[in-house]
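Everything on this sheet refers to the single structure shown next.
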Ligand SMILES: Nc1ncnc2c1ncn2[C@@H]1O[C@H](COP(=O)(O)OP(=O)(O)OP(=O)(O)O)[C@@H](O)[C@H]1O
Ligand SMILES: Nc1ncnc2c1ncn2[C@@H]1O[C@H](COP(=O)(O)OP(=O)(O)OP(=O)(O)O)[C@@H](O)[C@H]1O
Ligand SMILES: O[C@@H]1[C@@H](O)[C@@H](O)CO[C@H]1O
Ligand SMILES: [Mg+2]
Ligand SMILES: [Mg+2]
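Protein chains in written order, with this note's numbering: chain A, 1 to 508; chain B, 509 to 824; chain C, 825 to 1140; chain D, 1141 to 1444.
Written as structure tokens, this is what we have:
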């Protein structure tokens, strides 16, 4: 078949960074094309150029043989290009339906046709199997639900090209399946799909062809994905072999470190109890909305608990104050990096040391030398791609931002309990294994670690024990020896009998 | 939640609180509920009320406009001068509207195209426009030649003075625009998440320019009505108006962080401001204490409204 | 980029632009560069300059304070009245600082704990505090009994009046606090993303209260110096000060959206405001035209600064 | 050397001060000195303005201060800058409230001018044959400004002395000193006392009284049932007299900016150039202007 979407020598630079250099490749009609690469390799930049949001310094885009001259997002839209960006682009105060129509509201003479506004959206949502009410405000949706709304943008009009930038990073396997089914349907209609992900399983599950970017350059182009292997892709991306991503190794556990008794809060009505030992890494698995993040926030005091107690090494932790929790030895690395993680407008260094700087600031006066040393250390260790530690964090790629937030907590001293919510969301394979390695090191020093993840392979790959949550309750608690995909998924699903279309598809 | 609580803390909470406060005031303050006082009260909030309509859009889109007071004074002056010179009130009106539109458009272009902070830009135009008003009139009030001009404010329809009708009309029109039109939704969208709106293809800069232009036009209407009410164009009119209008909007639940606005809220906000002044004067509260009372009412109103929304929402 | 461009558009761009403007003014405006005029100029910006130090923190943490003018007037009055009554200037000073701290703390608590919009809260306290000042003095200025009080402003060290030294000291101290201390960095973090900062262990509410309390104290210092300079406590002093101070900060690159601030920028902003006034009077520009010129200078300064930062950044 | 004289006023936007400046300019042209006009709305601005004049090499200045209590500070600042000092309109006072007699002053007594307003109203009430018990008085007040209090109280004292019942005097506090604020405050007074059909109005200036008059019109009280007497006599008042039909704005007490502007500047010049010290105190009087004689009065005062 013929090439439908073509990138011809695209280059794009930002001050201090050449994000794309002379990138050229083409995608056939009706193909799902994967785009992979390390954090900061230039994937999102390429997609932004395609979306008309950013213009390339050089090069051109052709769709169906036609050179595109669009100068705005609107032009791209009219050329039949729809882009789902890496960061959620929703307006919290508007309803789901309004968000989906934003920029192209239906109606005459500027007056919105409300029936069409809601009707079309209900139809589309039902068609792809997303269960949210079109008239609810986006502000009241969970991240996962928001991501699904974002994805629904892809079917609001008949597009010729759809680009999805890490759409599954905040979805669990169940929602991901909805997306995959949707992609299959679009492919059948002949739509070209550009698909960015760090998850190799998905790439193999969905894509027909693949391009790998590295340092803004084209590292490899595979017109037929069946001709490549995982290891090959990894080494094209990272430039080295990674034998075993998980790298789990056995450890001996000490005394009980974290003890949770009957905690409950506004969004978690059923009291929860569990404990974690020194040196133990406990994974929390569940579907979106299972309440894992709520649990973590209650433990940390980010939300106020209505009852129950949290103690570290036998000492009680106050109920409602992150600063006190940190001093008691608990930290939480939040799941929503944009709203709860990064401090916009401030440098990488400041973002990294915001909590730990008190350790090298006698009388509140910061020692700048120590600060920069610490920042440099974790920039190197986590391989953050940036021209300087003084770079504003918003200028980093999504994955690199996530690394900085991780660095914030890994650089803390005297921490006894580390809770990480979706630690590797949007992080490339190479960095992932570095992060796991750091976690093992911390555990070996006696830290109690809680990992919340929606990626089952990850939870199974790196933890010593898995607690499954379902609808705000603890549904299972399995030691590593008893890890079993079917059992975990079964425990995570609310009610097996009622749902006919449970995605029991195996996740490799 | 009991149902009483539900009503108080729900979407319409401020309206309910207001209704209760209104009832109490009506019962306890003598003369308050008389028809004459009600009309007087409404007339006293016409300027604030009219401008609050567009200020609501301005704030909802995450902008800010300090130049409204000067624009009111300037366009009022222009209306009087132009109709004196031309002998036609209509020409005066058109000239005023044109001036308002020009000021607003300049604000909008500077803010949206040159990307200059709205506070600074409108603080600058506030001074420049006031300067023009003073220069044009040599700092003196300009008298109206044609007594027909007074009729704009003095005439009545069904016993209610025209300015009140105009304000009511504006409330209805802008309420409709906010909730039912593309313009309104886009305004909320660019305030709620400018980046997302831009990426969805909303022409954010154009929207912002339109909003400011509209604000200028609306200020001109208010300016003309004011000039007619005080039977002259006064270069010093409406100083400090900007803060009153913004307060009324914020009281009415418009978020300064953008993205949130409701016409009913703003109407209530405007009325609260008006009633506070009215009641203080009816009760003969001494001028210096009025400052204190005014401040306390402002605080109390947002505090109540806030209790409501804290209970309603959890995380933002 | 050529190196000239680099300097102009770099971090210190505003400073460079300012230096050039200063040089031009010095060469073209007679009497400008005289020692007397320089000292007069610096003295005229003491109030704005001192308060800009803490306003910078307030804005950087995404807050807003409209009550500074009233607090200056009120604490100045208190200083005068307390020292008249007690016969001791020191008691007067302490009373003023205490009052300032109380006003600031109340602002902070209401805003940070009850989560009420800062604009509305400080608009309310602005009126309440002004009301208190008027009530306490019955609306009239209060004279100073002990001429020693005048010495606060009149005394000189190395030929330079004390208030200028105080302002310089504040610049240095707050510059240091902003860049080199946990307090300063946390302020900037809160402004950048309050929720993320809270989760990162910053006690956001406490920080905000501290910032407002500090602002109140600093206003008191400014109020005392002002009362000493004008040799009386005046209930109507410093009206409109808030907008001047905020303008100076924004001119100096402090972002109203929080998270961005620099002491050098703020100093330049303060000086630009002062020089503009000074030069207009030296050049005998007519009062009405001064409005226009003031507005244009404000616009021009941010426009230039903006060209610079647009060139520097890409996305916001 | 060249003579340079400063003229500092507290409210540069006010027509009154525009006129003072205009007449001072006339003196400057006549004698060939430079006049530097500076507006200073508060104590701090006055201080800066004096420094500024010192820096420019002026030899003296005339000031209408925002607050008379600034006296000692202004005197000290003038001395520090080696500037001769005269005051106009408002006389400086010491910390204890006594006038600073050393500083030459030309002005009007706020109380006196208020009394002139009161007298005009009393005369007109009598002329119209109203029964004072049936008449209400609107006191448009702006108590934040000491001069305003003195003027209004001056007017009311005359009313009361002539038997005007105190219970019929109603306070209408304006939130700002513009017509709209006065209009809104007065409307409330009228509505609260709907039973009273005849009204008189006093206020700090013409704009305040105009607001009260507009309020009577808006509630439908006939023009011949209203007697408003303002202070100032600038355009706002003249516009009122020019209207085709008489309004409730009965008259205004005009004070002459000419003498204040022209003579003070001239005296200062003589002081500097010829070492001729001015008189310590000159008090000018206001003059009542009505619809049918305002042109004559203005001519008499040298305005126009
Ligand atoms: N506005 C900007 N200013 C400066 N540098 C930028 C900007 N946007 C992106 N970059 C840089 O461009 C490079 C490519 O970023 P991009 O977002 O395309 O990476 P990515 O491949 O999508 O990475 P990730 O997997 O982490 O999402 C990165 O080094 C990033 O820091
Ligand atoms: N901002 C919010 N407002 C209202 N409800 C919310 C909000 N965020 C989450 N919820 C609700 O709280 C519950 C649990 O939330 P959440 O989705 O974060 O759980 P989770 O198990 O951490 O899942 P994940 O982290 O995979 O999204 C869900 O019912 C969700 O709808
Ligand atoms: O303030 C007044 C001014 O308005 C003018 O009337 C002259 O006297 C001054 O005291
Ligand atoms: Mg990316
Ligand atoms: Mg979660």
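The beta-carbon is built from N, C-alpha and C at its ideal position, and this holds for glycine as well.
By the 10 Å Cβ neighbour count, where 16 or more other Cβ atoms means buried, how is residue i classified, buried or exposed?
i                       : result
residue 733 of chain B  : buried
residue 700 of chain B  : buried
residue 269 of chain A  : exposed
residue 665 of chain B  : exposed
residue 1169 of chain D : exposed
Using beta carbons (cut-off 8 Å, strictly below), is residue i in contact with chain D?
i                      : result
residue 876 of chain C : no
residue 739 of chain B : yes
Within 8 Å of any Cβ in chain B, is that where the Cβ of residue i sits?
i                       : result
residue 19 of chain A   : no
residue 89 of chain A   : yes
residue 1188 of chain D : no
Using DSSP with H/G/I as helix, E/B as strand and the rest coil, what is residue i?
i                       : result
residue 1484 of chain D : Only positions 1141 to 1444 of chain D appear in this structure, which leaves residue 1484 of chain D out of reach.
residue 75 of chain A   : helix
residue 388 of chain A  : coil
residue 327 of chain A  : helix
residue 99 of chain A   : helix
residue 234 of chain A  : helix
residue 346 of chain A  : coil
residue 127 of chain A  : helix
residue 792 of chain B  : coil
Tell me, please, whether the CB atom of residue i is closer than 8 Å to any CB atom in chain A?
i                       : result
residue 1130 of chain C : no
residue 760 of chain B  : no
residue 770 of chain B  : no
Who are the Cβ neighbours of residue i in its own chain at under 6 Å, not counting the five residues just before and after it?
i                       : result
residue 1427 of chain D : 1394, 1437
residue 217 of chain A  : 21
residue 440 of chain A  : none
residue 593 of chain B  : none
residue 720 of chain B  : 612, 615, 616
Does chain C have any CB closer than 8 Å to the CB of residue i?
i                       : result
residue 811 of chain B  : yes
residue 40 of chain A   : no
residue 1203 of chain D : no
residue 1184 of chain D : yes
Between residue i and the rest of its own chain, which residues show a CB-CB distance below 7 Å, the 5 nearest in sequence each way excluded?
i                       : result
residue 289 of chain A  : 142, 144
residue 772 of chain B  : 523
residue 1012 of chain C : 884, 1083, 1085
residue 537 of chain B  : 787, 790, 791
Please say whether residue j and residue i have beta carbons closer to each other than 8 Å?
i                       : j                       : result
residue 296 of chain A  : residue 278 of chain A  : no
residue 161 of chain A  : residue 138 of chain A  : no
residue 956 of chain C  : residue 907 of chain C  : no
residue 1159 of chain D : residue 1370 of chain D : no
Which same chain residues, not among the five before or five after residue i, have their C-beta less than 8 Å away from its C-beta?
i                      : result
residue 347 of chain A : 389, 390, 391, 392, 393
residue 821 of chain B : Reliability of the predicted coordinates at residue 821 of chain B is poor, the pLDDT of 42 falling under 50, and no value is obtained from them.
residue 943 of chain C : 888, 890
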